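Heads up: the structure comes next, in C-alpha cells.
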Amino acid sequence: MNCAQPTNRVPVRTPLPPPIDPQIVQDQDDMTWDDYNPIPGENWADPTLVPPRQLKIALVAIDFPDQPFVITLHKHLDPFGNPQINPVPREKVPQFYADFYNSPSEVNHGQTINGYWMEQSRGKIGIAKIDAFGPYRMPKNLWEYGLNEYGQRNSTPTAEPAAGRMERDCDALWREDAGDIRRNYDAVLRMYAGYDETGVWQEFGEMKFQNKDDIPPEWGNPNPDKPRWVPTRYVEWTSWKAGAQQWGLASMRQGENSGTITHELGHYAFRTGDNNNNPYVQPYRRVGSGPWDMMDRGCFNGPGGPHSRWKVPAVAGAAMPAGLMLRQKLNFEFVSEDQVLYLNRNGLAESGLAVANVTARTVEPGPDSLAGVIVRLDGEAPQDRTPPDDPATNPLSPGNPTYNFYSLEVVQRIGYDSFCPDNGVLIAKNKDREGRTGGPNGFNCFNWVIDAHPEDINVIDYLQPKTGKPVMRTIADYRQLNDALFHAGTNSYSKCEWVDEHNRLHFYVIDLQKDAQGILSYTLGVRSLDGMEPQTRGVALVSPATIEVKGAFAMYTFTLKNTGTAGAADASLHPQDANAYLNWDIYRLSISVDSPGWSVQLQNELAAVKFGDAKTVPVYVTRESGSASSATVTLKATSESDPTKTTTATFTVK
C-alpha cells in the first residue's frame, strides 16, 4: 500500500483533499525555544509537587589552576565564545548551577531536571533537592584529568602522562570541607569548570579547522614542541584545547556546557546503559533509537541541535532531552502494565488481529486509550526469526537478531518531546536485556526503531571551514531517524504500515484523533500473517445515490459495515485477556472512476470497524473543465484478515 508520496517528504502544497496526518519533519538545527509546547494542564517543573520517590543530589563545584569557571568570565570572553550570560562571582557558582538545573527561572526557560523526571514518571519520581558545595580548587590542572582517557594520556605539555582522577580528588576536597556526608545523597553531581568534551570535540576540531595541521597555537598544546592536536573518542583528532576537556560520564561528572545530566542520571539511578553508536567510523552502523529516546542521542535534543552543545550555560542542544521509550518506562515502572496492551505473536495467529487506541506518551492515557502496545516474539528459539544480516556490508543491519518484542507508541511534540523532530507513531523492536549488536563497530543496544524512511536523509552536517565543502551526515548519524515515524492516511509523506515477514507480523497505523486539549492519539492495529482465527469475516458497503457535483470539488460518503461475527479467543493466548481488542476487522479501501476528466481520492485507505458496527468513508471527487458529463465511482473494501471477503459499491456523479 502506498501511503506515502516518496518523491517529497514534506508537502510543498496542500493537495485536495489535504492529508489527515502529514509528516512534517523539523531538523534539530532549526529549532528554537519557540518550538516548546507545554503539556495542557501540567507543569511538572512546579517545585511544590511532591512525588512518592524523591532523589536528593549533592552538587560539588570544582575549578582548576589553569581553568576558571567559564560562567565567571565576561560575556563571550573565553576561546569557545562563552559565557552566554553576564558573569557569576566564583563563590556563587555552586548555587547558581544548583538553581540552574533544578529551579525554574528565566535562564533555564522554566525547565529543570526535576521537571524532566516528573514528566517521564508522571509524578512518581523527582529531584527533591540539589545541595550546593564548593567551590573547590583542584590540586591538578584540568588537562591532567581531561587527557587521562581515550588514548590521550601522552598528549600532555610535560614528559609525564596524564594520570589525574577527577572524582577521587573532587570527593576528597568535599569530604575535607563538609565531612563524610556522601551517604546522605542519592547521587553526587561533580560540576567542573570548563567543558564536557562531548560538546566541543567536533565543533572545535574538524568543524573549525580543515585538518590537524591548521590548528593555531592558541588552540594547541601549551608546549610548542608538541602536536596541537590530540586523539579523541570517536575520530582521529581534535584540537588540544577541546581534547584536554574531561568527557562526562555516568559517575555524574559534568562540564559547564553539559545538558546531558538527565542522561547520566538515567545511568546512575536506573542502572541502564547507552543505546547509541559511533556514527563517525566505518563500517557505519545505523543508530538504535536516535532522537526518540533519552538514553540514545535524544539526550542531545534542544534548541539549535547537537552542534550548539558548547554553550554555557546549557540552554541549547541537550537542554531538552527526548522522552523515554515504552520499554524504559515499563522497566522504570513509570507506566503501569494495565496501561499497555500485551500480545503474543503466536497468540495473534489464533486470536485474530487486535486494534487499540494509543495516546501520546507524554500524558496519561484516558480510560479508552493506552500508553502503548507490546507484541512479544514468543515461541521456540530463536524468538527473533530475522535472518542474520552482515553489518560490515549493510549499515542498516540491526545486528544480532536477538530482539524479544515489538513496541508501538505515539510521540507528540509537547513537553520534553517538543524538541523531537516529528509527531507520529514510533514502532520499535526491543530486547528484554541489553546486549551488543555484534560485528565491527558494534554497540550496546536495546531499542531498534523501525525507520519509515530507511533511505539516506541526505542532509548536510556542516561545511568544511576552509573549503566550504559540504560534509553530509553519515548513514549512521542519529538524525537519519528524524523521519522514522509512521503516519496515518494517504499522501502523508510517510508510511502507514510495517510488515515483518520473518516474524510474521503486520502493523497498521489506521487513524488519528485529537481531543479537546489537542492531545494526539492513534488507532493502531496488528495481525499475524499466519493462523486460523475464530472470527467469521464479512464486509458490506452502502453507496450514496446519484449526485450532482457543483463546482470542481466535492466530498461524499460511503458507509462501511463489518458484517462478520466475533468469536471469543482463549484468554490465555496473550499475556492478558485481550478479547476487548480482538472484536475488530481492518479493511483496505481503494477508489476508482471510469470517465475522463474526473478524479477521485481517499484520505485514508485503511479503516477499522468493530463487528456489527459501521463507519462512514469520505470520498473526494474532482471534476476538470471539459470532463465527461457523468462518471461512475467505485469503492472497494477488502478484509485484511480474510482477503476473500471483499465488496464493491458504486454511485454516479454528474
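The sequence shown begins at 1 in the working numbering and counts up one residue at a time. Heads up, the beta-carbon is just placed ideally off N, CA and C, and yes, glycines get one too. It should be emphasised that the depicted structure is a prediction, and the values quoted were computed from it without experimental measurement.
Residue i to residue j span [Cα, whole Å]
i, j, result
"V200", "L377", "42 Å"
"A61", "M138", "10 Å"
"Q5", "H453", "Model confidence at Q5 stands at a pLDDT of 46, short of 50, so the residue's coordinates are unreliable; what they give is reported in the following sentence. In a straight line, the C-alpha of Q5 is about 12 Å away from that of H453."
"F64", "A193", "7 Å"
"N221", "Q54", "44 Å"
"W247", "G439", "26 Å"
"F69", "E167", "17 Å"
"E218", "Q210", "16 Å"
"L330", "S121", "10 Å"
"P395", "I475", "7 Å"
"M555", "L602", "10 Å"
"Y478", "L520", "25 Å"
"K514", "R504", "31 Å"
"P22", "G151", "47 Å"
"E149", "D461", "27 Å"
"L147", "N154", "8 Å"
"V449", "F332", "20 Å"
"I414", "R327", "20 Å"
"Y234", "P391", "19 Å"
"A580", "L324", "28 Å"
"N447", "T158", "44 Å"
"Q480", "S397", "14 Å"
"Y284", "S336", "37 Å"
"K429", "P388", "15 Å"
"F96", "C496", "48 Å"
"R228", "Y280", "22 Å"
"K140", "D169", "9 Å"
"Q202", "T238", "7 Å"
Three-way DSSP call (helix, strand, coil) for residue i in this model
i, result
"C299", "helix"
"E409", "strand"
"D78", "coil"
"V315", "coil"
"T719", "In the structure as shown, the chain begins at 1 and stops at 654. Residue 719 is therefore absent and cannot be evaluated."
"Q513", "strand"
"R661", "Residue 661 lies beyond the residue range present for the chain, which begins at 1 and ends at 654; the question has no answer from this structure."
"F270", "helix"
"S625", "coil"
"K610", "strand"
"L485", "coil"
"L529", "coil"
"W174", "helix"
"N275", "coil"
"H263", "helix"
"H663", "No answer is possible for residue 663: it lies beyond the span of the chain, which begins at 1 and ends at 654."
"Y36", "coil"
When the options are compared against residue i, the one with the closest alpha-carbon
i, options, result
"A316", "F332, R436, P306 and V499", "P306"
"V617", "S625, A607 and R623", "A607"
"A516", "G366, P395, G352 and D186", "G366"
"W117", "D34, A45 and E160", "A45"
"P87", "T72, A159 and N108", "T72"
"N444", "Q576, D500, D274 and Y284", "D274"
"A250", "L529, T652, Y268 and M325", "Y268"
"R175", "G134, P40 and E160", "G134"
"A631", "E501, S595 and Y280", "S595"
"T32", "K208, N82, P421 and G266", "P421"
"L560", "G531, P216 and T650", "T650"
"N278", "H574, R473 and W598", "R473"
"H487", "F507, I113, V50 and R90", "F507"
"T393", "N441, S528 and T359", "N441"
"Q84", "K645, R90, V107 and G518", "V107"
"Q464", "S543, V600, G205 and V542", "G205"
"P40", "K75, T362 and A318", "T362"
message: Check whether the region 274-290 and the region 301-312 are in contact - that is, three or more C-beta pairs closer than 8 Å.
response: no
- request: Please confirm if the region 364-381 is in contact with the region 403-412, defined as three or more CB-CB distances below 8 Å between the two stretches.
  value: yes
message: With three or more C-beta pairs closer than 8 Å as the rule, is the region 309-318 touching the region 532-552?
response: no
task: Kindly confirm or deny that the region 101-114 and the region 336-355 touch, where touching means at least three C-beta pairs closer than 8 Å.
output: Using a Cβ-Cβ distance cut-off of 8 Å, the region 101-114 and the region 336-355 are not in contact, since fewer than three pairs of beta carbons, one from each stretch, lie closer than that value.
- prompt: Which whole runs of the alpha helix (DSSP H) in the region 61-111 are 4 residues long or more, in chain order?
  reply: 93-102
message: Between the region 18-27 and the region 483-496, can you find at least three pairs of beta-carbon atoms closer than 8 Å?
response: yes
- request: Would you check if there are 3 or more beta carbon pairs closer than 8 Å linking the region 609-616 to the region 378-389?
  value: no
message: Within 8 Å, do at least three Cβ pairs link the region 180-196 to the region 252-263?
response: yes
query: Does the region 346-359 come close enough to the region 559-570 that 3 or more CB-CB pairs lie under 8 Å?
result: yes
- request: Run through the region 181-261 for me and flag every whole alpha helix (DSSP H) of 4 or more residues, listed as ranges in chain order.
  value: 240-243
task: May I have a chain-ordered list of the beta strand (DSSP E) segments no shorter than 3 residues that lie completely inside the region 417-492?
output: Residue ranges of uninterrupted beta strand (DSSP E) with 3 or more members, entirely inside the region 417-492 and ordered along the chain, are 424-436, 444-449, 460-463 and 470-472.
Secondary structure, beta strand (DSSP E): runs of 3+ residues fully inside the region 343-400: 354-359 and 372-376
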